[in-house]
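From first to last, the protein sequence lines are chains D and A.
Anchor point for the first sequence: position 120 equals 120 in full-length UniProt numbering, and the numbering is continuous, going up by one each time.
Anchor point for the second sequence: position 11 equals 11 in full-length UniProt numbering, and the numbering is continuous, going up by one each time.
A virtual CB, placed ideally from N, CA and C, is assigned to each residue, including glycine.
Comments concern the structure below.
Protein chains: 2
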Amino acid sequence: MSTAQEDLTGRARLRDAAIEAFAAQGFDESLRAIAARAEVSAGLVRHHFGSKEALRAECDATVLERYRRLKEESLQAEPKQVFNQLPGSREGGVLLLYILRSAREGSPAGRQFTEQLIEEALVLLDQAVSRGLIVPSRDEPARARFLILQSLGALVLYFALNPPQDPEDFTTVMQDYYAHVALPTLELFTEGLFADPGYLNEYLASGAAGIPPAGPAGDTVSR
Amino acid sequence: MSTAQEDLTGRARLRDAAIEAFAAQGFDESLRAIAARAEVSAGLVRHHFGSKEALRAECDATVLERYRRLKEESLQAEPKQVFNQLPGSREGGVLLLYILRSAREGSPAGRQFTEQLIEEALVLLDQAVSRGLIVPSRDEPARARFLILQSLGALVLYFALNPPQDPEDFTTVMQDYYAHVALPTLELFTEGLFADPGYLNEYLASGAAGIPPAGPAGDTVSR
DNA sequence: TAGGAGACTACTCCGGTGTATAGCCATTGG
DNA sequence: CCAATGGCTATACACCGGAGTAGTCTCCTA
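Structure (structure tokens):
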């Protein structure tokens, strides 16, 4: 990772400090606090970035790009596995926290990230279906969207309700999370929930299924 | 609802205005903005509540209590159905928004609300299992926790990513949400996802299932 | 009818925030 | 050697937030 060499230019140090501060403390962290974390003066933010908003934008882009890189490095790309090993390194943990916070705030970065996850999930699901590992759906894109919304949402909520007291040990929270959801997830995915297909058949018979929800199909989460 | 009579005492008007303001604009809404919404002076907040924090606490309690009342009024108490009809009235919509925001922030109110939902879900699931409607789980409390975390988390995330442009039409967003998730939910619940039980069996054989996650069992979401 | 309590407002105060300006200092290129 | 560019700091500014103070008005009561 890039923090290996410790003496970066002030601009890079500010950017990295901002990412860490945003991840640990939220996006309301003050410029002065960020500058202090980077051990530079507050005015330098303006000098290099012009405004806090611009700094935030650069952080967003950097995080997204680093996440992409980390994901490609670990070649097995199933989202859950990525998330699972993401917080293994310190950088990965910061990235994860930053991303979850972005999603939680509904920022453009969060939206973009979610969209990306959904696309990847759709590809993976299609592959798994064609290999016979996963049962087909009547609406594959809707299922991909749904599954990401559920799993990402659960993670976001879990982190909101159980914030790591020490902003460093996201790893612990992450492990707790998986320890909690592993069994129910596997049960639900292999055995379902309903004992009989009545509800689904009712819904299908009602005709609501034929109507694609609304809006131009394919965007992140409707709207 | 209590806003039926329009001339309430300043205290009550402030409380209700704060609830609406928090729901629509977030908990960072300023005291002055809240006072303006209630058409009173800002100082009155201090006079009646002492501090913004205390006002917030009273709003939390009021919302929780009103939600409870609304839920009991509509006797069919399955969580999803409650959520579905909650935004039917204006008050219900405000309440829902307030609650989702609380959960998203991880505030005590959000935590309490989530906990409450999990307990209710556990009861309902147990009933449904004993009536043969739902397949049993190897760990019912974990499943209840998991299902609420997933569904509530998805809703929170959906609202974060698709905020209603007009803070009033949560109804539209809500309908969009259900239109999107209805089919995938029913499919997943009746047909599952995995074509064969290999993953689950692997997990069970690994022995991880026997170890209840961690910490004193039964709290909201671990920890 | 006088007194007092409480609802309510206008105004002040203080701290924190993002933004802006002016200048220092080192490195560099002519 | 010297000027100029750019990284960087110190300081100031304008603004807005919650909190605090003093005083007015109104209504109830003794």
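| query | result |
| --- | --- |
| Which residues of chain D have a Cβ atom closer than 9 Å to the Cβ of G50 of chain A, listed in chain order? | None at all; the shortest Cβ gap to chain D is about 24 Å. |
| Spatial neighbours of L14 of chain A within its chain, please: C-beta separation below 8 Å, excluding the five flanking residues on both sides. | I34, A35, A38, V40, L44, V45, H48, F49 and L55 |
| Output yes if chain D places a C-beta closer than 9 Å to the C-beta of L14 of chain A; else output no. | no |
| Along the region 170-196 of chain A, where does the CB come closer than 8 Å to a CB of chain D? Name the residues. | D176, Y177, A179, H180, V181, A182, L183, P184, T185, L186, E187, L188, F189, T190, E191, G192, L193, F194, A195 and D196 |
| Would V63 of chain D pass as an interface residue toward chain A - the criterion being a Cβ-Cβ separation below 9 Å? | no |
| Note down the Cα distance separating V63 of chain A from L149 of chain D, rounded to an integer number of angstroms. | 26 Å |
| Does the beta-carbon of E202 of chain D, which I'm using as the reference point, lie nearer than 8 Å to any heavy atom of the ligand SAH? | In the structure on display, the ligand SAH does not appear, and there are no ligands present to speak of. |
| Decide yes or no for the touch test of the region 103-114 of chain D against the region 150-168 of chain D: beta carbon pairs closer than 8 Å, at least 3 of them. | yes |
| Roughly how many angstroms lie between the CA atoms of F194 of chain A and R131 of chain D, to the nearest whole one? | 11 Å |
| From which residue to which residue does the alpha helix (DSSP H) around A18 of chain A run? | G10 to Q25 |
| Below 9 Å between beta carbons: does that hold for Y203 of chain A and A182 of chain D? | yes |
| Report yes if the CB atom of D126 of chain A is closer than 9 Å to the CB atom of E140 of chain A, and no otherwise. | yes |
| Do F189 of chain D and H180 of chain A come within 9 Å of each other at the CB atom, strictly closer than that value? | no |
| How would you label E53 of chain A, buried or exposed, when you count the other beta carbons within 10 angstroms and need 16 or more for buried? | exposed |
| Quick check: the Cα distance between R32 of chain A and R66 of chain A, rounded to an integer number of angstroms? | 25 Å |
| Need the endpoints of the alpha helix (DSSP H) that D176 of chain D sits in, please. | F170 to E191 |
| Between P184 of chain D and S206 of chain A, which are expected to be in contact by the criterion C-beta below 8 Å, what is the C-beta distance as a whole number of angstroms? | Wrong, their Cβ atoms sit about 16 Å apart, outside the cutoff. |
| Answer with buried or exposed for S102 of chain D, where buried requires no fewer than 16 other C-beta atoms within 10 angstroms of its C-beta. | buried |
| By the DSSP assignment, the alpha helix (DSSP H) with F49 of chain D in it spans what residues? | G43 to F49 |
| List the endpoints of the continuous alpha helix (DSSP H) containing P141 of chain D. | E140 to L161 |
| Check whether the Cβ atoms of L96 of chain A and F170 of chain A lie closer than 9 Å to each other. | yes |
| Looking at A144 of chain A: is its Cβ nearer than 9 Å to the Cβ of A109 of chain A? | no |
| Hey, how far is the Cα of I134 of chain D from the Cα of D196 of chain D? | 19 Å |
| Comparing alpha-carbon positions, which option in A:G92, A:C59 and A:E58 lies nearest E73 of chain A? | A:G92 |
| Apply the 10 Å Cβ neighbour rule to V123 of chain A and answer buried if 16 or more other Cβ atoms are within range, or exposed otherwise. | exposed |
| Judging by CA-CA distance, which residue of D:T9, D:Q25, D:A18 and D:R11 is the nearest neighbour of P163 of chain D? | D:Q25 |
| Among A:Y199, A:L200, A:Y158 and A:E187, which has the Cα closest to the Cα of Q175 of chain A? | A:Y158 |
| Between L200 of chain D and E187 of chain A, how many whole angstroms is the CB-CB distance? I'm expecting something under 8 Å. | 7 Å |
| Within 10 Å of its beta-carbon, does E20 of chain D have 16 or more other beta-carbons around it, so buried, or fewer, so exposed? | buried |
| Work out the CA separation of A18 of chain A and G119 of chain A for me, nearest whole Å. | With the sequence shown as reference, residue 119 of chain A is identified as Glu, and Gly is not the correct amino acid for it. Answer to the nearest angstrom: the Cα atoms are 29 Å apart. |
| Can you pull the chain A neighbours of P167 of chain D, defined as C-beta to C-beta under 8 Å? | Simply none; closest approach about 14 Å. |
| Shortest alpha-carbon distance to V129 of chain D belongs to which of A:D166, A:G192, A:S107 and A:A128? | A:G192 |
| Determine which residues of the region 128-141 of chain D have a Cβ less than 7 Å from any Cβ of chain A, and write them out in chain order. | G132, L133, I134, V135, S137, R138 and D139 |
| Spell out whether any CB of chain D is found under 9 Å from the CB atom of Y67 of chain A. | no |
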